[in-house]
Every structure is written in C-alpha cells, then in structure tokens.
Amino acid sequence: MGRMNMRKNKIGYLGVLGFLGLLGLITQNSGFYGFFGFFGFFGAFGGRGSDERVEKNINRACRNAFIFITITSALSLAYIAAFKAVEIWPLALSLPFIAIIVFALFYIYYDRRGD
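Residue numbers for the sequence shown follow my numbering, so the first one is 101 and each next one is one higher.
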C-alpha cells in the first residue's frame, strides 16, 4: 500500500515568530521574551501532517479565537473612546497575543475531546 498523502500543516510556521524573543537579549527589553512561547507551535504542529480531524479542530479553534478578538477589541476600543482611557492601550494592544493563546487552548481542548 502506498503512503497516504498528507498536507503539511502551515500553522507550525508560527513557531518562526519565536525568534523575535532574541530581541529581548539584544535590547534588554523583557517584553520580547514572550515571543519565545511561539516555539511551541513547532512542536505542536510542525512535524505532523494534516488530516481532516486536525483541520476541523484548527478551524473550530480559529473560530473561537476570532470571536474572542472581535468582541474584546470592539469593547476595549469603545471603552477607550468613551472614557478617554488611553492608559489601557497596552492591554488593548496585547489582545492579538491573547487570541493566539485562546486558539492554542481551544485546539488542545478539541484535540483531546476527539470529535
């Protein structure tokens, strides 16, 4: 029997963003160290191919992360505009990174649940 044709999972390439953490060593800015967390995408998705179940779990996790970022961005921007609360801009700008964490957590949940 021939080998199954599996597509390469492109989400594993998010691990490349982990190299931005090296900027923390160069600039002495500890804020860059959070980028080292992206190296986890190499291990989680890098070496594996993709099948229908994995694609389905990725799509579901992406849907949840998209809903999270849409709602939280709208609420935070409305709050900043209504109350002129510019001091929460750093929190608002961190929402995309939080959405990536939401994606990863939901992917793990759907993968372990096994539907």
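Ideal placement from N, C-alpha and C gives every residue a C-beta, glycine not left out. In this text the structure is predicted, and so the values were computed from the model without any measurement.
On the three-state DSSP scale, how would you describe D211? One-based indexing of the sequence shown puts residue 211 at position 111. Correct three-state label for D211: helix.
Taking the beta carbon of V116 as the centre, do at least 16 other beta carbons fall within 10 Å, making it buried, or is it exposed? As a position in the sequence shown, residue 116 is number 16, starting the count at 1. Label assigned to V116: exposed.
Does DSSP classify N164 as helix, strand or coil? Position 64 of the sequence shown, counted from the start, is the residue given in the question as residue 164. The answer is helix: DSSP assigns N164 an H, G or I state.
Which of helix, strand or coil does DSSP assign to F203? As a working mapping, residue 203 is identified with position 103 in the sequence shown. F203: helix per DSSP, three-state reduction.
The region 186-197 contacting the region 121-128, beta-carbon criterion three pairs below 8 angstroms: no
Since F79 and R153 are thought to touch, with beta carbons under 8 angstroms apart, how far apart are those beta carbons, to the nearest angstrom? The chain is shown only over 101 to 215; residue 79 falls outside these bounds and no answer can be derived.
Using a threshold of 8 angstroms, state whether the C-beta atoms of F145 and G112 are closer than that. Here residue 145 corresponds to residue number 45 of the sequence shown, with the count starting at 1. Here residue 112 corresponds to residue number 12 of the sequence shown, with the count starting at 1. Contact flag set, yes.
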